[in-house]
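Under the UniProt record's numbering, the residue at position 104 of the sequence shown is numbered 104, and the numbers go up by one with no gaps. Quick reminder that beta carbons are idealized off the backbone N, C-alpha and C, glycines included. Nothing here was measured: the structure is a model prediction, and the numbers come from that model.
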Amino acid sequence: MTATVPRPTAAKPALRVLRDRVLRVAELVTTPLLPADYLDLIDPLRSGAALRGRIEAVLPETRDAATVVIRPGADWQPHRPGQYVRIGIDVDGVRMWRAYSITSDLGRTDGCFTVTVKAIPGGKVSNHLVRSTRPGTIVQLDQATGDFCLPEQRPDKALFVTAGSGITPVMGILRNHPELTDVVLVHSAPTPDDVVFGAELRQLAADGRIRLVEQHTDTAGMLDAAALAALVPDLAERATWACGPVGMLEALEEHWAAAGIADRLYTERFRPKVLVTGEGGTVTFTKNGTSLEADGATPILDAAEEAGVLMPSGCRMGICYGCVLPLREGAVRDLRTGEVTTAAPGDGVLVQTCISAAAGACDIDH
Ligand SMILES: Cc1cc2nc3c(=O)[nH]c(=O)nc-3n(C[C@H](O)[C@H](O)[C@H](O)COP(=O)(O)OP(=O)(O)OC[C@H]3O[C@@H](n4cnc5c(N)ncnc54)[C@H](O)[C@@H]3O)c2cc1C
Ligand code: FES
């Protein structure tokens with residue numbers, strides 16, 4: 001009997017055809033584990049595998065922040081400065097996904113990129129990354145994404161307003177855009193020692209690359225928009241990028257809108273802006289069998305995880321769609337807009353659980 005070997009095509013070159021055939025034969029001898037499983041153990045970062053990264057180092061920055069150096073898999077695409085990456089890491093045996101802005105210089109020659117994480121009180125992933133993660137740990141990755149980036153046409157004058165860990169995407173921009181000549185950075189942190197990248201930022205200021213204004217909030221209090229305008233008198237002439245707590249961003253958005261320059265302000269949020277809450281209800285996860293009482297202000301994702309339900313997730317703020325599940329019956333409210341989505345029995349309306357709260361009883365297919 002003769003077997004016909006498919007001719008390699010442009011889409012499936014000869015080498016890949018050969019590799020696929022070898023893998024199929026190997027599958028027969030390695031069942032129940034697949035050859036890919038063995039390859040994952042030997043070379044988890046290889047081309048064609050699910051995108052992963054290996055943590056090479058965790059470098060302390062401040063008492064509660066650290067830079068994590070990650071060697072990405074072979075299929076990693078270079079990011080644009082200001083973008084973020086979704087990272088999946090196992091914490092106490094549970095895979096959790098979070099988003100982190102990329103802080104590294106694209107010119108690194110070791111093939112790694114970095115994210116810089118600030119541990120927040122009670123935070124599962126941030127504390128794990130800053131305090132417990134060891135070099136060699138394999139994490140899951142998505143390709144970098146996000147549009148908190150400079151436009152092709154660089155602004156003549158730029159202003160960056162940041163607070164706390166909000167410095168991270170801006171550091172990614174400053175490290176990669178030395179062509180910016182007129183930059184003001186206003187950064188808030190509790191004390192001088194809490195300024196993430198403090199030494200590097202002060203050096204950039206000493207070198208004349210940026211004008212740096214540090215607001216140490218433990219002694220000087222929070223900076224409001226009027227004080228910012230006094231510090232940066234030509235603020236209206238500057239393209240502005242801001243990243244920090246929700247309250248700070250809202251105050252800036254109001255100020256820029258009132259001045260008629262809202263189109264010159266770009267913001268990056270680490271948490272969703274919750275505008276509307278309402279009555280909650282009983283949430284039932286139909287496959288898992290768990291039912292829980294959720295109030296109308298808590299995202300279904302948070303309520304479920306609190307009850308021990310393993311949920312898909314990503315950015316946790318409505319931008320990546322990593323948390324989408326079908327609503328089979330009942331109603332949920334979008335916490336950002338107040339819009340209520342309803343499903344009749346048997347429907348499968350997709351809802352983002354990270355920004356949706358129960359609006360009465362609801363069944364989620366999970
Ligand atoms: C686009 C994007 C980029 C991001 N970049 C960075 C970055 O570069 N560096 C960084 O440190 N973080 C960044 N984050 C935030 C990060 O994804 C996590 O939200 C953060 O690390 C907290 O996760 P956790 O698991 O420790 O906290 P969780 O266990 O999820 O939450 C613990 C508690 O803290 C609250 N909480 C959650 N997130 C925050 C927050 N950001 N600030 C204050 N309270 C919070 C929760 O409501 C909860 O009560 C980014 C988020 C987004 C969406
Ligand atoms: S986790 Fe990203 S959209 Fe919900």
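Asked                                                                                                                                                                                         : Found
Checking 9 Å against the spacing of the C-beta atoms, do Phe148 and Tyr100 come in under that value?                                                                                          : no
Distance, Cα to Cα, Glu254 vs Gln203?                                                                                                                                                         : 33 Å
So, with DSSP's three-state summary, where would you put Met248?                                                                                                                              : helix
Flag this pair as yes or no: are the beta carbons of Leu228 and Val161 separated by less than 9 Å?                                                                                            : yes
Answer yes if the stretch 40–59 comes into contact with the stretch 198–217, meaning at least three C-beta pairs across the two stretches below 8 Å, and no otherwise.                        : no
Return the residue from the list Ile300, Gly348 and Glu250 that minimises the CA-CA distance to Ile355.                                                                                       : Ile300
Output the distance between the C-alpha atoms of Thr353 and Ala14, rounded to the nearest integer angstrom.                                                                                   : 44 Å
Say whether chain E places a C-beta atom closer than 9 Å to the C-beta of Gly289.                                                                                                             : In the structure shown, chain E does not exist; there is a single protein chain.
Should Thr284 and Ser291 be called a contact, given that it needs their Cβ atoms to be closer than 9 Å?                                                                                       : yes
Which residue's Cα is closest to the Cα of Ile138: Gly360, Ala57 and Asp263?                                                                                                                  : Ala57
Enumerated in chain order, which unbroken segments of the beta strand (DSSP E) with a length of 3 residues or greater are wholly contained in the stretch 167–223?                            : 183–189 and 211–216
Assign Ser188 to one of two classes, buried (16 or more other C-beta atoms within 10 Å of its C-beta) or exposed (fewer than that).                                                           : buried
Can you have a look at Thr9 and say buried or exposed, based on whether 16 or more other CB atoms are within 10 angstroms of its CB?                                                          : Low per-residue confidence applies at Thr9: pLDDT is 45, beneath 50, and the placement is therefore not dependable, though the value from the model is reported in the following sentence. Exposed: under 16 other Cβ atoms inside 10 Å.
Alpha carbons only, please: which of Pro178, Asp234, Arg264 and Leu335 is nearest the one belonging to Gly278?                                                                                : Leu335
My parser needs the beta strand (DSSP E) runs of 3 or more residues fully inside the UniProt domain "FAD-binding FR-type" (48–151); what are they?                                            : 52–62, 65–72, 84–91, 94–101, 113–118 and 138–141
Tell me the rounded alpha-carbon separation between Arg95 and Gly88.                                                                                                                          : 6 Å
Find out if the Cβ-Cβ distance for the pair Gly360, Ala343 is shorter than 9 Å.                                                                                                               : no
Distance check for Leu327 and Gly348, CA to CA, integer angstroms please.                                                                                                                     : 5 Å
When DSSP builds the beta bridges, which residues end up paired with Thr290?                                                                                                                  : Partner(s): none; Thr290 has no beta bridge.
Return the first residue and the last residue of the beta strand (DSSP E) that Ile364 is part of.                                                                                             : Ser356 to Ile364
When we look at the beta-carbon of Ile42 and count the other beta-carbons within 10 Å, is it buried (16 or more) or exposed?                                                                  : exposed
Suppose the cutoff is 6 Å on Cβ atoms and the five residues either side in sequence are ignored; what does the same chain contact list for Gly346 look like?                                  : none
Classify Arg175: buried if its beta carbon has 16 or more other beta carbons within 10 angstroms, exposed otherwise.                                                                          : buried
Taking the DSSP output, what are the residues bridged to Cys243?                                                                                                                              : Thr162 and Glu268
So Pro329 is in the beta strand (DSSP E); what residue range does that whole segment cover?                                                                                                   : Per the sequence presented here, residue 329 reads as Glu, with Pro not at that position. Residues Val324 to Asp334.
Would you mind stating whether Asn47 and Asp75 have Cβ atoms separated by less than 9 Å?                                                                                                      : One point to set straight first is that residue 47 is Ser, not Asn, in the sequence displayed. Yes. Within cutoff.
For Ala262 and Asp182, I'd like the C-alpha separation in whole angstroms.                                                                                                                    : 21 Å
Assess contact between the stretch 150–167 and the stretch 230–249, defined as three or more Cβ pairs (one per stretch) separated by less than 8 Å. Is contact present?                       : yes
Answer with buried or exposed for Leu325, where buried requires no fewer than 16 other C-beta atoms within 10 angstroms of its C-beta.                                                        : buried
Starting from the C-beta of Asp20, find all residues in its chain whose C-beta is less than 6 Å away, skip the five residues before and the five after it, and write them out in chain order. : none
At a threshold of 8 Å, does Arg175 count as lining ligand 2 (C-beta to nearest heavy atom)?                                                                                                   : no
Let me know if Leu272 comes out buried or exposed under the rule of 16 or more other beta-carbons within 10 Å of its beta-carbon.                                                             : Checking the sequence, you will find Pro at residue 272 rather than Leu. It counts as buried.
Taking the straight line between their C-alpha atoms, what separation do you get for Thr116 and Pro60?                                                                                        : 9 Å
Beta carbon of Gly296, beta carbon of Gly318: below 9 Å?                                                                                                                                      : no
Of the choices Thr67, Pro44, Asp365 and Asp40, whose alpha-carbon is the least far from that of Phe197?                                                                                       : Thr67
Per DSSP, what are the beta-bridge partners of Gly278 in this structure?                                                                                                                      : Gly296
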